[in-house]
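Numbering (full-length UniProt numbering), first residue to last: 1 to 534.
Here a beta-carbon is modelled for each residue, glycine too, at the ideal position from N, C-alpha and C.
Single-structure report; data block below.
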């Protein structure tokens with residue numbers, strides 16, 4: 001065991017050093033040398049000893065700083081520290097008021113980006129505005145206009161090269177830093193030094209007092225995160241030009257702000273605020289968090305323009321389509337308010353939307369189909385087709401057979417449609433199942449899966465009836481057109497006994513056939529807005 005022999009030696013060495021040296025000398029003198037020797041012999045792995053040593057070093061650094069912000073004994077914050085923040089507060093206060101809530105405004109992003117646009121880009125930007133697009137659409141085909149706008153957007157986007165995008169993003173990130181600086185709670189911080197301090201009243205002469213450093217430790221940490229982001233290369237003038245344009249006035253005194261930045265950079269280089277926090281918290285290992293804004297706003301801006309342009313074109317197309325549909329409805333039915341389905345309705349869709357389900361998606365065309373079949377097809381068209389097929393002597397069976405097959409196929413759809421709709425009632429086969437699975441939907445996820453499948457099958461059947469009617473109506477329309485042409489032709493080639501057939505008509509043959517053909521033609525046009533494109 002060597003320890004008992006070794007300890008006296010160390011004690012003797014320490015005694016000799018203290019006998020000849022100054023106990024209060026710096027770490028570079030005998031005291032520091034003794035501590036280092038003791039560390040070697042007693043072990044340098046004692047964390048508390050190392051922590052105390054580091055805190056002593058930090059104390060010495062703070063004492064030698066030109067900034068008198070902390071009384072190291074007792075870790076008390078001095079009025080000088082309050083003055084540092086008060087001087088910033090005076091300069092920044094106007095911007096706090098003028099830019100209140102500006103951080104959440106998307107307008108600033110737009111102004112910031114558009115301040116960099118070229119003359120050509122600004123002209124293009126005017127043409128993709130919704131009002132400008134609508135104006136152009138009055139005299140141009142929508143598809144042609146859409147193609148022209150697409151070419152303009154390609155030109156607009158291509159001007160945003162890498163350097164320009166970097167410049168814009170850097171400027172926006174500088175704006176975010178500025179918001180951080182002005183939104184720091186200076187008033188809350190300073191009230192701790194002078195409880196009588198009024199908010200933004202700079203006529204008042206503050207009376208800052210020395211306070212316990214622990215009161216402001218967290219505030220200093222928050223501020224350090226902001227301060228570390230500043231550097232001498234930041235272009236504040238360009239940013240303030242944009243803010244002045246945004247508010248139509250200067251938001252801050254630029255000369256005074258330059259002094260604030262110069263002072264902040266000096267404080268930053270000195271590390272005095274970090275040292276102060278380390279002493280207050282007795283944590284020599286504390287280091288401020290390094291956080292730098294790295295937002296990218298150009299892509300979002302360009303996507304917004306692209307999406308806005310596409311949506312405007314789409315809205316115009318939909319509006320024109322709806323206008324055409326309304327015109328056709330008025331021509332066919334004399335009204336746009338068509339409601340014939342009992343259960344395949346928008347009202348019943350509410351139950352599905354609550355479960356986030358699409359529901360019935362062909363409500364409008366199915367209403368139009370049912371109205372057409374009941375009001376015209378099974379009455380006016382059926383009457384004429386019956387006369388032609390029963391009374392008429394056709395020169396070829398093929399022509400009459402095509403008309404007959406198409407006519408009866410549509411009649412079958414008419415029956416199918418009634419059965420289909422009734423089946424969705426609360427007592428109907430599909431309706432009972434839909435109701436049951438809707439009730440179980442909240443408890444049983446599998447019920448939602450089944451509902452989706454059922455709704456798909458129901459909508460597929462609705463679409464089948466629409467498609468089938470449309471295709472067969474085309475055949476009926478063609479047949480009636482051929483019959484009309486044959487009626488006006490001499491000699492007749494298709495129907496050989498026109499005199500007998502003509503006698504069965506209640507009104508003039510030409511007027512009747514022309515009216516029915518037009519009605520069918522308009523209805524097919526209407527259905528083409530809903531028929532599935534193949």
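>> Is it buried or exposed, residue 365, if we count other Cβ atoms within 10 angstroms and call 16 or more buried?
In response: buried
> Quick one: what does DSSP say residue 382 is sitting in, helix, strand or coil?
Replying inline: helix
>> DSSP three-state label for residue 489, please.
In response: coil
>> Just to confirm before moving on: does the CB-CB distance between residue 421 and residue 360 stay below 8 Å?
In response: no
>> Which residue marks the beginning of the alpha helix (DSSP H) containing residue 230, and which one marks its end?
In response: That residue, residue 230, is in no alpha helix (DSSP H); it is neither H nor E in DSSP.
> In whole angstroms, what separates the C-alpha of residue 271 from that of residue 202?
Replying inline: 29 Å
> Which one or two residues does DSSP pair with residue 211 in a beta bridge?
Replying inline: 77
> How would you write the range of the alpha helix (DSSP H) that residue 350 sits in, first residue to last?
Replying inline: 346 to 353
>> Going by DSSP, what residue range makes up the alpha helix (DSSP H) through residue 365?
In response: 363 to 372
>> So, under 8 Å CB-CB, residue 462 and residue 391 are touching, yes? Tell me the CB distance rounded to an integer number of Å.
In response: Residue 462 to residue 391, Cβ: 36 Å. No contact.
> If you follow the alpha helix (DSSP H) that residue 149 is part of, which residue opens it and which one closes it?
Replying inline: 142 to 158
> Looking at the structure shown, is residue 495 part of a helix, part of a strand, or coil, going by DSSP?
Replying inline: strand
>> According to DSSP, is residue 90 part of a helix, a strand, or is it coil?
In response: helix
> So residue 145 packs on residue 136, CB below 8 Å; how close in whole Å?
Replying inline: 6 Å
> Under 8 Å, do residue 384 and residue 403 count as touching if we go by C-beta distance?
Replying inline: no
> Which value, in whole angstroms, describes the spacing of the CA atoms of residue 148 and residue 174?
Replying inline: 37 Å
> Going by DSSP, which residues form a beta bridge with residue 394?
Replying inline: 495
> Say the cut is 7 Å; is the CB of residue 457 nearer than that to a heavy atom of the ligand ZN?
Replying inline: With respect to small molecules bound, the structure shown includes none, and the ligand ZN cannot be examined in it.
> What distance in whole Å lies between the Cβ atoms of residue 529 and residue 325, which are believed to be in contact at a cut-off of 8 Å?
Replying inline: 6 Å
>> Please tell me whether residue 211 and residue 76 are closer than 8 Å, where the distance is taken between their beta carbons.
In response: yes
>> To the nearest angstrom, how far is the alpha carbon of residue 221 from that of residue 277?
In response: 7 Å
> Enumerated in chain order, which unbroken segments of the alpha helix (DSSP H) with a length of 4 residues or greater are wholly contained in the stretch 102 to 142?
Replying inline: 106 to 114, 119 to 127 and 130 to 137
> Tell me the DSSP bridge mates of residue 70?
Replying inline: 77
>> Give the list of continuous alpha helix (DSSP H) stretches no shorter than 4 residues that lie fully inside the stretch 184 to 268.
In response: 186 to 191, 217 to 227 and 236 to 247
> So the alpha helix (DSSP H) residue 298 belongs to, where does it begin and stop?
Replying inline: 298 to 333
>> Can you list, in chain order, the residues of its chain with a C-beta nearer than 7 Å to that of residue 362? Leave out the 5 residues immediately preceding and following it.
In response: 459, 462, 463, 466 and 530
> Is the stretch 308 to 318 touching the stretch 117 to 134, taking contact as three or more C-beta pairs under 8 Å?
Replying inline: yes
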